[in-house]
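Asks:
Residue numbers (the numbering used here): 16 to 96.
(1) Taking the beta strand (DSSP E) that residue 59 belongs to, which residues open and close that run?
(2) Count the other CB atoms within 10 Å of the CB of residue 68; is the residue buried (16 or more) or exposed (fewer)?
(3) Straight-line CA distance for residue 25 to residue 38?
(4) Three-state secondary structure (DSSP) at residue 89?
(5) Going by beta-carbon coordinates alone, are residue 78 and residue 47 separated by less than 8 Å?
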């Protein structure tokens with residue numbers, strides 16, 4: 016994955032639940048993405064992914080060229096720690 020621009024910071028996450036539709040599992044990964052048509056280069060939106068959905072969510076973003084990084088969920092800033 017590309018090196019993030021200077022100052023790139025992921026959005027703060029709230030409830031820790033997988034972002035895959037219908038999944039309520041605890042996430043292990045933060046999938047960081049950015050739609051360059053909508054977001055500034057340093058913005059990082061976050062989808063949370065459980066082990067079962069990590070590959071699906073990352074591939075969905077990768078084919079659209081939105082994927083920026085995948086990090087352990089423990090590295091993300093929480094709004095309700």
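Don't be surprised by glycine CBs; every beta carbon is placed ideally from N, CA and C.
Replies: According to the structure data:
(1) Position 44 of the chain shown, counted from the first residue, corresponds to residue 59. First-last of the beta strand (DSSP E) with residue 59: 58-64.
(2) Working through the chain shown from its first residue, we reach residue 68 at position 53. Per the 10 Å Cβ criterion, buried.
(3) Position 10 of the chain shown, counted from the first residue, corresponds to residue 25. Position 23 of the chain shown, counted from the first residue, corresponds to residue 38. Residue 25 and residue 38 have their C-alpha atoms spaced approximately 22 Å apart.
(4) Taking the first residue of the chain shown as position 1, residue 89 is located at position 74. Helix.
(5) Counting from one through the chain shown, the residue named residue 78 turns up at place 63. Counting from one through the chain shown, the residue named residue 47 turns up at place 32. Cβ atoms of residue 78 and residue 47: not closer than 8 Å.
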